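S.K.:
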Amino acid sequence: MKLRNYLLLTLTASIGLPMMAKTSSPIIVSTDDTEIVMTVAENGNLVYNYYGKKFNNVNPYLTKQYREQPDNGAGFAPQAYPAYGGFVTITPALKLVHADGSHTTHLKYDSHKVTKTGDGVTRTDICLKDPLYNIALTLFYTSYDKENVITESAMLTNNEGGLLTIENLASTYLPLHADSYYLTHFHGVWATEMQLVEEQLHPGIKSVESKRGVQATQTANPAFLLSLNGPAREDSGDVYGGALAWSGNYKLTFEQDECGRMNVVGGVNDFASTYHLNTGESLTTPEMVWTFSNEGRGKVSRNLHDWIRNHALAHADMERPVVLNSWEGAYMNFDEKTITDMIDDAAKIGVEMFVLDDGWFGNGEYARNSDHAGLGDWQVNTQKLPRGIDYLAKHAVKKGLKFGIWIEPEMVNPKSQLAESHPEWIVKSGDRDKLQIRQQWILDLTNPAVQDFVVKTFDDVLALSPDISYVKWDANRFVTDFGSEYLPADRQSHFWIDYTKGLYDVYDRIRAAHPEVMIQLCSSGGARLDMGALKYHDEFWTSDNTNSLDRIRIQNSTNLFYPAIATASHVSTSPNHQTGMMAPLKYRFDVAMSGRLGLELQPKHLNEEEWGFAKEAIATYKKIRPIVQFGDLYRLKNPEDGTGWASHQYVAKDGKEAVFFAYSLKYHGRTTFFQTRLKGLDPNKQYRITELNKKDWPSFYGDGKVFPGDYLMNEGISLGIGNNFDSTVLHIQEI
Ligand code: GLA
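Note that the numbering used here has the sequence shown beginning at 17, numbered continuously upward.
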């Protein structure tokens, strides 16, 4: 019997049963194409042998070698979850101070069990213990077969009989060995989120992290690619994709040690986050979401998109509506007629959901007419909207649209009734003055009374009309001078973790009470975009920068990890309000149509020709929407590659249709043509190609013609899009 079959039998036999004996077989966490192999060494250490492409057979020598060699230094036998103690001198996954003051922990294998938790989903729990201290560290690996995703988290339980101090409790550790390592990560600021950097890692430590608590992903995202032996390529090479599912402070550490090994540790940021457990208490980490591809980063993206759509996104099987959001079209300067006019126009142009953004609440001196007042007072502004929200929502429904509304329930303006009545609910550091950002403070979500308030706010806002079917949840500042009046003095460092746990409790309660409502995740744009928040939301706002040229880059980076179905992408006016840049309406639509299409403008400002184009483009989007929202993404030309073009394709799961997008990012000269090969088609099939959103003449010479799949994928196509703001959208259909 092949070793693999034997192992499968062993695992099957053990499903649901704890395996208490010291195991000599490898512990394998596998998906259709990948696997993690761990073994228990003679000294009881749980050794991390391998994560990568699935073997035909797990090589018995690999596991034997580690099992029998002594644990004698950092360069040897990496542990699956290194705790500080013994020979561990790298950044550890776990760092504890025990009740007796000892700083060292030795984790030894105790037991494991394998449970099938769903169709193609298996959970492997591995329990580690310290022979000297009564603690238990359980690792949870959940493997998703067809998506080739493995998530990892850890739970620490204190049974020491005294106070256990956690200085670091990571979600994951991954040791890798290669000649060179290339990290793709992101930096940014408001309106410039997700700027991609790829760099070679060298000996030493590189960390990507946030200490902002709220808006944790504005300056960097907890998602990365790690490519072995060269920069990440699209369709070849070993690439790991990782993303932490946590909407608070995080830290990803990449440490190339003296032996050339890359040690990746990821989890909640340990910065100012010492956490205490009384005896009998446990702390569970967020999940790290991993995928591996030996076919480049394209497959990493497709794996993660499938996983998100199948397991981590609200209403993921539902087509997303075309939205008109009121923000850039009206800001806070509106009355009832402004909004009903917008709804009327939205209906005429083919929009399916109208969203009323900021500015509808607060009264009297605290009316929300600018960002100086009103946050916290979630009552309808009776001057602007005398007949309330229900009147507007009913108007939308009458016109065939759905209705949505904006809230920012974690925040409070000093100028609000809430700030006056509950000063104790506001995040602050002792007696220090509270700093304002955008004239607002943050409510302390570690406090259950504040959690109740936020849940009630959501309930009350929805109660304004039975016809509210969408909420845009915003959070427009980050944490400064952290501190909580609710937490005791010796537990202030619990703030960061408890805030995010409080937020998740709130989301859980809201989702339980309002399962049908669509919720958009927004935080001054993409400042809170991570795998943890995603499961409560239907979509996210990637950036307040709606300038199409910038959006190409922002969406390209975002879609490395997060799928188009959730990427709200709105056509705004020209010149663009953030950048002042002018771009043709076609270009703006061609960019927005590669995500979840919406509008972010005053429809009245479109002239007759633009109106006609927009109406047709929206109708066209509805036809290709299933391919964009549920299809497989193939990147063809990378906006970062310096060629001045960007291009990608979505291919329907059944392979019969595809949509192709190409954008010129600069002027290329008269005689330079865009050229690319298509991907994901069947070489043996014939495809008719139709150009969409055509303006004056087609940019594709073969518009309406039929081409063999192997021609399209080997010779490819060329397009006349050499000018600034030229773009092409093609519909590719099997005949
Ligand atoms: C943030 C959001 C915008 C808009 C404004 C309203 O900046 O990202 O889309 O909702 O707040 O104040």
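We put the CB at the ideal spot given by N, CA and C, even for glycine. None of the values given here were measured: they were computed from a predicted structure.
Could you check what DSSP says for residue 306 in three-state terms: helix, strand or coil?
M.R.: DSSP places residue 306 in strand when its eight states are reduced to three.
S.K.: If you drop the 5 nearest sequence neighbours on each side, which residues of the same chain put their C-beta closer than 6 Å to that of residue 254?
M.R.: The residues are 244 and 310.
S.K.: Nearest by alpha-carbon distance to residue 451: which of 428, 252 and 472 is it?
M.R.: Looking at the Cα atoms, 428 is the closest of the given residues.
S.K.: What distance in whole Å lies between the Cβ atoms of residue 224 and residue 190, which are believed to be in contact at a cut-off of 8 Å?
M.R.: 15 Å between Cβ atoms; not a contact.
S.K.: Comparing alpha-carbon positions, which option in 504, 413, 395 and 407 lies nearest residue 425?
M.R.: Nearest option by C-alpha distance: 395.
S.K.: Look up residue 334 in the DSSP assignment and say whether it is helix, strand or coil.
M.R.: DSSP places residue 334 in coil when its eight states are reduced to three.
S.K.: Count the other CB atoms within 10 Å of the CB of residue 738; is the residue buried (16 or more) or exposed (fewer)?
M.R.: So residue 738 counts as buried.
S.K.: Take residue 261 as the anchor and find which of 508, 203 and 302 has the nearest alpha-carbon.
M.R.: Ranking 508, 203 and 302 by Cα distance to residue 261 puts 302 first.
S.K.: From this set, 693, 581, 636 and 675, which residue's C-alpha is nearest residue 329's C-alpha?
M.R.: Among 693, 581, 636 and 675, the Cα nearest to that of residue 329 belongs to 581.
S.K.: Exposed or buried, what is residue 275 when buried is set at 16 or more other beta-carbons lying within 10 Å of its beta-carbon?
M.R.: Under this definition residue 275 is an exposed residue.
S.K.: So what does DSSP say about residue 29, is it helix, strand or coil?
M.R.: A caution first: residue 29 carries a pLDDT of 33, below 50, which makes its placement in the model too unreliable to give a value.
S.K.: Just checking, does the region 276-286 make contact with the region 140-149 on the three C-beta pairs under 8 Å criterion?
M.R.: The region 276-286 is not in contact with the region 140-149.
S.K.: Terminal residues of the continuous beta strand (DSSP E) containing residue 422?
M.R.: Residues 418-423.
S.K.: Would you decide whether residue 712 is buried or exposed? Buried here means 16 or more other CB atoms lie within 10 Å of its CB.
M.R.: Answer is exposed; the Cβ neighbour count stays below 16.
S.K.: Assign residue 598 to buried or exposed, taking buried as 16 or more other Cβ atoms, counted over all protein chains shown, within 10 Å of its Cβ.
M.R.: The residue in question, residue 598, is exposed, as its Cβ has fewer than 16 Cβ neighbours within 10 Å.
S.K.: Put residue 320 into one of helix, strand or coil per three-state DSSP.
M.R.: In this structure, residue 320 counts as helix in the three-state DSSP scheme.
S.K.: For the ligand GLA, is there any heavy atom lying closer than 7 Å to the beta carbon of residue 726?
M.R.: Because no heavy atom of the ligand GLA lies under 7 Å away, the Cβ of residue 726 does not count as near it: no.
S.K.: Look at the Cβ atom of residue 453, then the Cβ atom of residue 493, and state whether they are nearer than 8 Å.
M.R.: Their beta carbons are under 8 Å apart, which means residue 453 touches residue 493 by this criterion.
S.K.: Take residue 695 as the anchor and find which of 707, 733 and 631 has the nearest alpha-carbon.
M.R.: When each option's Cα is compared against that of residue 695, the closest is 733.
S.K.: At a threshold of 7 Å, does residue 5 count as lining the ligand GLA (C-beta to nearest heavy atom)?
M.R.: This structure leaves residue 5 out entirely; the chain is present only between 17 and 751.
S.K.: Please classify residue 213 as buried or exposed, where buried requires at least 16 other C-beta atoms within 10 Å of its C-beta.
M.R.: Looking at its Cβ environment, which holds fewer than 16 other Cβ atoms inside 10 Å, residue 213 is exposed.
S.K.: In the DSSP output, which residue or residues are listed as bridge partners for residue 46?
M.R.: Answer is 51.
S.K.: Say yes only if the C-beta of residue 386 is nearer than 7 Å to one or more non-hydrogen atoms of the ligand GLA, and no if none qualify.
M.R.: No, since every heavy atom of the ligand GLA falls outside the 7 Å radius drawn around the Cβ of residue 386.
S.K.: Smallest Cα separation from residue 291: which of 410, 571, 113 and 434?
M.R.: Among 410, 571, 113 and 434, the Cα nearest to that of residue 291 belongs to 113.
S.K.: What is the DSSP secondary structure of residue 292, reduced to helix, strand or coil?
M.R.: Strand.
S.K.: Just mark residue 37 as buried or exposed, buried being the case when its beta carbon has 16 or more other beta carbons within 10 Å.
M.R.: At residue 37, the pLDDT of 42 sits below 50, so the modelled position is not reliable; the number obtained from the coordinates is stated separately. By the 10 Å Cβ count, residue 37 comes out exposed.
S.K.: Give a yes or no on whether the C-beta atoms belonging to residue 192 and residue 240 are separated by under 8 Å.
M.R.: Against a cut-off of 8 Å, the Cβ pair of residue 240 and residue 192 comes out as no contact.
S.K.: In chain order, what residues of the same chain lie with their CB nearer than 7 Å to the CB of residue 60, ignoring the 5 residues before and after it?
M.R.: Result list for residue 60: 124 and 125, in chain order.
S.K.: Since residue 6 and residue 648 are thought to touch, with beta carbons under 8 Å apart, how far apart are those beta carbons, to the nearest angstrom?
M.R.: Summary: the structure shown does not reach residue 6, with the chain confined to residues 17 through 751, and so no result is reported for it.
S.K.: What is the C-beta distance between residue 52 and residue 160, in whole angstroms, given that I count them as a contact (C-beta under 8 Å)?
M.R.: So it is not a contact: roughly 13 Å between Cβ atoms.
S.K.: Just to confirm the assignment, what range does the alpha helix (DSSP H) spanning residue 464 have?
M.R.: From DSSP, the alpha helix (DSSP H) with residue 464 extends over 464-478.
S.K.: Mapping DSSP to helix, strand and coil, what is residue 751?
M.R.: Residue state, collapsed to three classes: coil.
S.K.: Taking all protein chains shown into account, decide if residue 116 is buried (16 or more other Cβ within 10 angstroms of its Cβ) or exposed.
M.R.: The residue is exposed, with fewer than 16 neighbouring Cβ atoms inside 10 Å.
S.K.: Excluding the 5 residues preceding and the 5 following residue 138 in the sequence, name in chain order all residues of the same chain whose CB lies nearer than 6 Å to its CB.
M.R.: The answer, listed in chain order, is 132 and 159.
S.K.: Nearest to residue 613 by alpha carbon, out of 209, 370 and 118?
M.R.: Nearest option by C-alpha distance: 370.
S.K.: Would a C-beta distance cut-off of 8 Å place residue 718 and residue 700 closer than the cut-off?
M.R.: Against a cut-off of 8 Å, the Cβ pair of residue 700 and residue 718 comes out as no contact.
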